[in-house]
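A.B. asks:
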């Protein structure tokens with residue numbers, strides 16, 4: 001990565017400050033400063049490509065985690081269906097045993 005002189009960092013801060021609060025003093029300071037790097041792009045040429053790489057990596061991570069969450073949702077949904085089916089069958093079994101017990105009791 002290309003390094004810029006410290007003067008540029010101060011000028012960059014002044015430039016941002018100038019755009020946020022334009023006044024005479026800031027503009028004079030910005031125009032009187034001698035800077036080796038005159039533009040942000042010339043000092044940091046690979047910054048855009050690095051940010052794009054990071055964005056692609058984060059997008060990939062989001063896609064992976066979204067797929068994982070989808071799989072977990074399916075798993076929990078299927079588990080809930082199994083538990084519900086199991087509880088219905090247990091309830092049916094309990095009712096049939098209870099009915100059989102009542103029949104034997106009244107005989």
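In the UniProt record's numbering, the protein residues as written are 1 to 107.
Note that the Cβ used here is the ideal one computed from N, Cα and C, for glycine as well.
Computed from a predicted model, the values in this text were never measured in an experiment.
1) Just to confirm the assignment: which complete beta strand (DSSP E) runs, minimum length 3, are found wholly within the region 55-90?
2) Can you list, in chain order, the residues of its chain whose CB lies under 8 Å from that of residue 32, leaving out five sequence neighbours each side?
3) Rounded to the nearest angstrom, what separates residue 96 and residue 66 at their Cα positions?
4) In angstroms, rounded to a whole number, what distance separates the CA positions of residue 90 and residue 83?
5) Given residue 92, which residues of its chain have a CB within under 6 Å of its CB, disregarding the five upstream and five downstream residues?
6) Identify, in the order they occur along the chain, each residue of the same chain with its Cβ nearer than 7 Å to the Cβ of residue 104, setting aside the five sequence neighbours on each side.
7) Out of curiosity, what's the CA-to-CA distance linking residue 64 and residue 94?
C.D. replies: Based on what the coordinates show:
1) Taken in chain order, the complete beta strand (DSSP E) segments of 3 or more residues contained in the region 55-90 number zero; there are none.
2) Taking the first residue of the chain shown as position 1, residue 32 is located at position 32. With a pLDDT of 49 at residue 32, under the threshold of 50, the modelled position of that residue is not reliable, and the figure given next carries that caveat. If we look at residue 32 and ignore the five residues flanking it on each side, it has no Cβ neighbours.
3) For the purposes of this step, residue 96 is taken as the residue at position 96 of the chain shown. For the purposes of this step, residue 66 is taken as the residue at position 66 of the chain shown. Approximately 45 Å between the Cα atoms of the pair.
4) Taking the first residue of the chain shown as 1, we reach residue 90 at position 90. Taking the first residue of the chain shown as 1, we reach residue 83 at position 83. Going by the C-alpha atoms only, they are around 10 Å apart.
5) Along the chain shown, one-based indexing puts residue 92 at 92. Here the set comprises nothing.
6) As a first step, residue 104 must be located in the chain shown, where it is residue number 104. Cβ neighbours of residue 104 beyond the five flanking positions: none.
7) By 1-based counting over the chain shown, the position of residue 64 is 64. By 1-based counting over the chain shown, the position of residue 94 is 94. Using only the alpha carbons, I get a separation of about 45 Å.
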